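Trainee:
Protein chains: 2
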Amino acid sequence: MGDLKLVRKFAVEDGFFGRYEKLVKDVVLPYQERALNDQIEGAEKSHCIENFRMAAQKLKSGRCEGTFYGMVFQDSDVAKWLEGAAYSLAQNPDAALEARCDKIIDLIGEAQQEDGYLNTYFTVKDPDRRWSNLQEAHELYCAGHMIEAAVAYAECTGKSRFLEIMCGMADHIYRRFVEEGAEGYPGHPEIELALMRLYRSTSVERYKELAMHFINVRGVDSDYYCKEKEKRNWIVWGSDPEDKEYTQSHAPVREQKKATGHAVRAVYLYTGMADAAMETGDEELSKACKTLWDDITQHRMYVTGGIGSAYEGEAFTKDDHLPNDTAYAETCAAIGLIFFSNKMLYLERNGKYADVMERALYNGVLAGMQLDGTKFFYVNPLEVLPGISGEAKTHKHALPVRPKWFACACCPPNVARLLASVAEYAWHVVSDTLFSNLFIAGTLDLTDSLGGKVSLKTSYPYDNKMEYHFEPQEGAMSMTLAIRIPAWSEETKISVNGEAADCEIREGYAYLSGDFGTDDVVTVELDLSVRRVYTSNRVSANTGRAAVQRGPLIYCAEGVDNENDILSLSLKKDGEVTVSEYLPKKLCGIQELYAQGYRETVNEALYSFEAPKAEPCQITLVPYYTWGNRGLNQMRVWIPEKNKI
Amino acid sequence: MGDLKLVRKFAVEDGFFGRYEKLVKDVVLPYQERALNDQIEGAEKSHCIENFRMAAQKLKSGRCEGTFYGMVFQDSDVAKWLEGAAYSLAQNPDAALEARCDKIIDLIGEAQQEDGYLNTYFTVKDPDRRWSNLQEAHELYCAGHMIEAAVAYAECTGKSRFLEIMCGMADHIYRRFVEEGAEGYPGHPEIELALMRLYRSTSVERYKELAMHFINVRGVDSDYYCKEKEKRNWIVWGSDPEDKEYTQSHAPVREQKKATGHAVRAVYLYTGMADAAMETGDEELSKACKTLWDDITQHRMYVTGGIGSAYEGEAFTKDDHLPNDTAYAETCAAIGLIFFSNKMLYLERNGKYADVMERALYNGVLAGMQLDGTKFFYVNPLEVLPGISGEAKTHKHALPVRPKWFACACCPPNVARLLASVAEYAWHVVSDTLFSNLFIAGTLDLTDSLGGKVSLKTSYPYDNKMEYHFEPQEGAMSMTLAIRIPAWSEETKISVNGEAADCEIREGYAYLSGDFGTDDVVTVELDLSVRRVYTSNRVSANTGRAAVQRGPLIYCAEGVDNENDILSLSLKKDGEVTVSEYLPKKLCGIQELYAQGYRETVNEALYSFEAPKAEPCQITLVPYYTWGNRGLNQMRVWIPEKNKI
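Respectively, the protein sequence lines represent chains A and B. Each residue of the first sequence is one higher than the one before, counting from 12 in the numbering used here. Each residue of the second sequence is one higher than the one before, counting from 12 in the numbering used here.
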């Protein structure tokens, strides 16, 4: 896999993701930059940049003015922003933005201690306690995000300063945990996947070794956090070290069979594991990743790609427990599932992994952001009931409308960095094969690898047709184009220059090999028929119910389109569902669905012996990612289905 | 209402409640007596009696050995046990038990301070803090339970010692809160209803005045608990005084419209309010009670009579939020709903109040106890899924099997005292009218009021026929017999000596007036047809589902009767449901139901586009109160309903 090339040179064009790219550049990143600099009136203070300034001052003069402010992992906010900015710069050069980034990077460099150590919380506030609370203090987590940002910044701008800084920190960690044999492993995984990126970008073996170290020691001494807690005399939150499943430390990772604990931590860990398995060929690790991925996607994932059913600990619960209204389904966790699935796809080229990436991206992740890019959900329920959602003690987390950005800065920059780097997931280049996993319109510069450019023209997901065009530097591009055939597309037509293509279909991909020139067009027509989705009867919440899907989009009913009462609605079994024309003005451009259904009268009495009367009706459905953009409102994904009335 | 007579002289006979009465006498009370005395190996220590001994010793000698142990409200366990024992003694004289009770009562007397104050926590452990933490320390709650026990003991045994002790404590409270004008009201209501009982038993006006005081001041200064917390420098649990709805102190009680907060506290408060409203004719208070009762029963009550949807705070949540699998529905709260409804029935003679009492008694309360009387549920969910229930972080409270009695002693003795005094709810005597609210077989001695005995012969709820017989002391009993006609009984036949009765039906009661002699028999035949129950579509959890009811019994499907997979079952709409013969050996004697339904194949895939295939099947249903008596097992009350397959 040494020839794996990451996709950085991709110009997203108009269309579905073009709008998001613009939002990230024009709205999300600038807003967040001001937030990090505490320039937004009325917003929670970030103090991120100020923390770095204080650390730099302290290192220079032995003391600093003011006090550290924010979460113990506050540094990671700067990191995620820099990473998002890097991706954006790769696509949209912006000298002023780059200069500001460089300035922050210089500051980061000044905040680094002589031994390479870099963390403002411990440098400014608690120098004697560094490395003493791996379970809670998230030093390795912050280092991981800083490393990811440094790699991205180097890859996107060609500048190495940030990378050098973070190599210094990685070396520091290597010395401590490998050379000096310090015990322990991160309470919040992230460093593993970051070190794999660092290794891939620098080819320095010890970074891979260090990643493998943290993967290998995890859960081997499953009492580590208990012992650590006994030794230290301070806490961050007072997390229980005995809850070992919560920290994915209940068993060595190769023996873990169920996705447990904090969902984001889990999928970040599994991402690192899958990347390491790919890079090292470690079969046992690879098998563990497959087992965990199957457990998630067959037992612990919402139809939206959301994961982590419980607010309590933002965590996985048990197999087949997928409540709709109390779902946590954190935006970051859906993003992490994309990371994990993306690595699995490298490990095993099977369309099922890309199917899950697409499911999470178009539903669980996009729903996390208001259509105008200014508000965010951390929690993404599949059913919302005003008066209960966000209000009942059991539903405080499940807000019915997106709050104003910026109380805690975890999901928003994660959405930004994902959307700004969506090409990495959409396209894989492995040897002479270009894998088209997700269908994002734009032009891919493969001059360095396949000798030309490939562009995809499509209005997907609101059009079923996709055209691949080629711009060889000279002559033709001799390559294999491997196009994912989504599992939901029952009949897919692939043609080359208007003729049915002679291609091999294998594990969810259509492989077309040939010499592709300027005049060649590969056309794919997916089957965007509306489909009903049924959940296994193992899942209690959805028995007797169906969801509606078209292409990658899960649809939902909102009160505003349905007489403000969606609880009285049921879908007609085998009833027709018609698709509206494209409505460019509605919800930033969607196609609605109109399903044949029934509307019941509402019994005023809480309980009665009379079955409610039902009348045929039409149910209007909108894409899940657009819900909650029209005020306080009921919403439901899983709708009871009836044969007749 | 001064002529209201409480029903104490009732001999429960064989039949449904006869079995329970025997259980309480032979199993529940003896077991609990041993528990209170710390004589059960392996059980949680109670230390209750020991706490009283220590308090007595300290008062006698100025010091005591050992330390107080248990909850701050540990005294209430002794109280509830004594109350249950009193009721049992009234029906089953037992000189040895009575002597042991007297001994405990003597000890209680010795633990009382000179000023009447009685509470072992504060006497033994924290004498300087008494009355400083009304929100959490539950002194008034304990006093309330002790008063209830004292009243019951006096009424059932004719002995006044305990009553004198508790009048001393009530007088102490009166001096403090009325005469001296101390601020505040109880964090856990109970004293109000207890004082009303004390007033009714003693006719001492100041006890009614004191009850009214606590009712009247509650929520008027809604910041009281905040101020109290600022003044004191200690906590019990650290409860938040700002959560005013939780403590029913957000508004004066007459202005409260929604049942909020801790469910048991709420219904205990409302019970006291309703009793006071009845006794004083306070129209405004009466109206508030009706509003609150309607809110509970029309928006916040499970079909089993369980109330309090959330584990968090054992609390009410919001209107129409009734999740099945995460329900709290504490056994004590269902008992409290019976208390409240019983008082409402005195306030307004309407069968709906008795309907709710019956619903809660036969379902939400009885389910709280294992059929053999040795294990108890605090939490009574309406759906149980092994692997999730009791295991997922969100379901730790919703245990799938009853735990071994005695970790915390709140529900078990409450069940015992309710079952031992069930006649008080079954029968009301008001002037010359005998109200038959619940149908408990047995003989009622009304010699003092109506000049004879009335007995009810029935195998209800497994038989539809009830016979009322009369044993006048001489001649005939000139009276009105008012028999409740349950709302679920579509056709009810009432006859006197075989002839259709000429009776007035009014607000759910049939009134038969006449002179009833030894040869007279009033026969009631209820309609025990199986009924489907539907929830208002305002309740999300039950849309598309039905429950099955026969008589007062809500039925449920358990895995053990249904191939260990009840999630694949649906009821056939308008399908037949047949009733088994009485099965004396199954679950201590039940009638099963066999419903026409469908069984779907289980899709292995979590999500699929294929609707599951269904085949007709027979669904076996058992009464909800019997669930969980056959090991770890699925259970579901609300089952999807289908028109056809």
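Cβ atoms here follow ideal geometry from the backbone N, Cα and C, with glycine treated the same way. Since the structure is predicted, the reported quantities are computational estimates derived from the model, not experimental observations.
Bridge partners for A:K468 per DSSP, in chain order?
Mentor: Numbered from its first residue, the first sequence carries residue 468 of chain A at position 457. According to DSSP, which records beta bridges pairwise, A:K468 is partnered with A:E478.
Trainee: Is there a Cβ from chain C that is less than 7 Å from the Cβ of A:A622?
Mentor: Note that chain C does not occur in the displayed structure, where the protein chains are A and B.
Trainee: The beta strand (DSSP E) spanning B:K584 covers which residue range?
Mentor: On the second sequence, residue 584 of chain B is found 573 positions in, with the first residue counted as 1. No beta strand (DSSP E) holds B:K584; DSSP gives it neither H nor E.
Trainee: Applying the criterion that 16 or more other CB atoms from any shown protein chain within 10 Å of the CB defines a buried residue, is B:Q484 buried or exposed?
Mentor: Counting from 1 along the second sequence, the entry for residue 484 of chain B is found at position 473. B:Q484 comes out exposed.
Trainee: Suppose you measure from the CA of B:I246 to the CA of B:E295; what does that come to, to the nearest Å?
Mentor: For this step, residue 246 of chain B is matched to residue 235 along the second sequence. For this step, residue 295 of chain B is matched to residue 284 along the second sequence. Rounded to the nearest angstrom, the two C-alpha atoms are 35 Å apart.
Trainee: Could you check whether the Cβ of B:E611 sits closer than 7 Å to any Cβ belonging to chain A?
Mentor: Position 600 of the second sequence holds residue 611 of chain B. Yes, its Cβ sits closer than 7 Å to a Cβ of chain A.
Trainee: Does A:Y545 come within less than 7 Å of chain B when only Cβ atoms are used?
Mentor: Position 534 of the first sequence, counted from the start, is the residue given in the question as residue 545 of chain A. For A:Y545, the answer is yes, since a Cβ of chain B falls inside 7 Å of its Cβ.
Trainee: Who are the Cβ neighbours of A:F481 in its own chain at under 7 Å, not counting the five residues just before and after it?
Mentor: Here residue 481 of chain A refers to the residue found at position 470 when the first sequence is read from its first residue. Excluding sequence neighbours, A:F481 sits near G463, V465, M488, F527, G528, T529 and D531.
Trainee: Spell out the partners DSSP gives A:Y609 in its beta bridges.
Mentor: Counting from one through the first sequence, the residue named residue 609 of chain A turns up at place 598. The partner list for A:Y609 (beta bridge, DSSP) reads A:S581 and A:P627.
Trainee: Any beta-carbon of chain B closer than 7 Å to the one on A:E485?
Mentor: As a position in the first sequence, residue 485 of chain A is number 474, starting the count at 1. Not one chain B Cβ lies under 7 Å of A:E485.
Trainee: For B:T168, report the span of its alpha helix (DSSP H) as first-last.
Mentor: Indexing the second sequence from 1 puts residue 168 of chain B at position 157. Where B:T168 is concerned, the enclosing alpha helix (DSSP H) stretches over E150 to T168.
Trainee: Along chain A, which residues have their Cβ under 9 Å away from the Cβ of B:I658?
Mentor: With chain B covering 12 to 656 only, the question about residue 658 of chain B has no answer from this structure.
Trainee: According to DSSP, is A:R276 part of a helix, a strand, or is it coil?
Mentor: For the purposes of this step, residue 276 of chain A is taken as residue 265 along the first sequence, with counting starting at 1. Three-state result, A:R276: helix.
Trainee: Chain B partners of A:K255, CB-CB under 8 Å?
Mentor: In the first sequence, residue 255 of chain A corresponds to position 244, counting from 1. The premise fails here: A:K255 is roughly 14 Å from chain B at the closest Cβ pair, so nothing lies under 8 Å.
Trainee: Apply the 10 Å Cβ neighbour rule to B:N425 and answer buried if 16 or more other Cβ atoms are within range, or exposed otherwise.
Mentor: Locating residue 425 of chain B in the second sequence gives position 414, counting from the first residue. Answer is buried; the Cβ neighbour count reaches 16.
Trainee: So which residues on chain B does A:N614 lean against when the C-beta distance must stay under 9 Å?
Mentor: Stepping through the first sequence from its first residue, residue 614 of chain A is reached at position 603. Near A:N614 (Cβ distances below 9 Å), the residues of chain B are Y545, T546, S547, N548 and R549.
Trainee: Under 9 Å Cβ-Cβ, which residues of chain A neighbour B:N573?
Mentor: Mapped onto the second sequence, residue 573 of chain B falls at position 562. Near B:N573 there are no residues of chain A at all, since even the closest Cβ is about 13 Å away, more than 9 Å.
Trainee: Does the Cβ of B:I516 have 16 or more other Cβ atoms within 10 Å, making it buried, or fewer, making it exposed?
Mentor: In the second sequence, counting from the first residue as 1, residue 516 of chain B sits at position 505. The residue is exposed, with fewer than 16 neighbouring Cβ atoms inside 10 Å.
Trainee: In this structure, how does DSSP classify B:Y473 when only helix, strand and coil are distinguished?
Mentor: Counted from its first residue, the second sequence places residue 473 of chain B at position 462. Correct three-state label for B:Y473: coil.
Trainee: From B:R208, B:V559 and B:V533, pick the residue whose C-alpha is nearest to that of B:L539; which is it?
Mentor: Within the second sequence, numbered from 1, the residue matching residue 539 of chain B stands at position 528. The candidate whose alpha carbon is nearest that of B:L539 is B:V559.
Trainee: Three or more C-beta pairs closer than 8 Å, one from the region 486-504 of chain B and one from the region 343-353 of chain B: is that the case here?
Mentor: Judged by Cβ distances under 8 Å, the region 486-504 of chain B makes no contact with the region 343-353 of chain B, as fewer than three pairs qualify.
Trainee: Decide yes or no for the touch test of the region 283-301 of chain A against the region 181-194 of chain A: beta carbon pairs closer than 8 Å, at least 3 of them.
Mentor: These segments do not touch.
Trainee: Quick check: is the beta carbon of B:T258 nearer than 7 Å to any beta carbon in chain A?
Mentor: For the purposes of this step, residue 258 of chain B is identified with residue 247 of the second sequence, where counting begins at 1. No, B:T258 does not count as interfacial toward chain A.
Trainee: Looking at the secondary structure, which residues open and close the alpha helix (DSSP H) in which A:W142 lies?
Mentor: Along the first sequence, read from residue 1 onward, the residue named residue 142 of chain A stands at position 131. Premise fails: A:W142 is in no alpha helix (DSSP H) and is neither H nor E.
Trainee: Quick one: grab the DSSP three-state call for B:E203.
Mentor: Counting from one through the second sequence, the residue named residue 203 of chain B turns up at place 192. It is helical.
Trainee: Can you tell me where the alpha helix (DSSP H) holding B:T342 begins and where it ends?
Mentor: By 1-based counting over the second sequence, the position of residue 342 of chain B is 331. T342 to L358 is the extent of the alpha helix (DSSP H) around B:T342.
Trainee: Expressed to the nearest angstrom, what Euclidean distance is found between the alpha-carbon atoms of B:N62 and B:W92?
Mentor: Working through the second sequence from its first residue, we reach residue 62 of chain B at position 51. Working through the second sequence from its first residue, we reach residue 92 of chain B at position 81. Cα to Cα, the separation comes out at about 15 Å.
Trainee: Residues in the same chain with beta-carbon distance under 6 Å from B:N644, minus the five sequence neighbours each way, listed in chain order, please.
Mentor: Residue numbering aside, residue 644 of chain B sits at position 633 when the second sequence is read from its first letter. Once the five neighbours on either side are set aside, the close Cβ partners of B:N644 are E569, G570 and V571.
Trainee: Between the Cα of A:A512 and the Cα atoms of A:A616, A:S99, A:R141 and A:V533, which residue gives the shortest distance?
Mentor: By one-based count along the first sequence, residue 512 of chain A stands at place 501. Closest option to A:A512, Cα to Cα, is A:V533.
Trainee: Does the separation of the CB atoms of B:C178 and B:A97 fall below 7 Å?
Mentor: Here the question's residue 178 of chain B lines up with position 167 in the second sequence. Here the question's residue 97 of chain B lines up with position 86 in the second sequence. It is not a contact, given that the beta carbons lie outside the stated cut-off.
Trainee: Considering only DSSP beta bridges, list what A:K386 is partnered with.
Mentor: Locating residue 386 of chain A in the first sequence gives position 375, where the first residue counts as 1. A:K415, per the DSSP bridge assignment.
Trainee: Since A:A340 and A:P392 are thought to touch, with beta carbons under 8 Å apart, how far apart are those beta carbons, to the nearest angstrom?
Mentor: By one-based count along the first sequence, residue 340 of chain A stands at place 329. By one-based count along the first sequence, residue 392 of chain A stands at place 381. Indeed, because the Cβ distance is near 7 Å, the residues count as touching under 8 Å.
Trainee: So the candidates are A:R428, A:T454 and A:G642; which of them puts its Cα closest to the Cα of A:E94?
Mentor: As a working note, residue 94 of chain A is residue 83 in the first sequence. When each option's Cα is compared against that of A:E94, the closest is A:R428.
Trainee: Would you check if the region 308-327 of chain B and the region 367-382 of chain B touch, i.e. whether three or more CB-CB distances between them fall below 8 Å?
Mentor: Touching, yes, given that three or more Cβ pairs across the two stretches are closer than 8 Å.
Trainee: What are the partner residues of A:D734, as DSSP defines its beta bridges?
Mentor: This structure does not reach residue 734 of chain A, given that chain A is present from 12 up to 656, and the question cannot be answered.
Trainee: Shortest alpha-carbon distance to A:V278 belongs to which of A:Y322, A:F327 and A:S551?
Mentor: As a first step, residue 278 of chain A is located in the first sequence; it is residue number 267 there, counting from the start. Closest option to A:V278, Cα to Cα, is A:F327.
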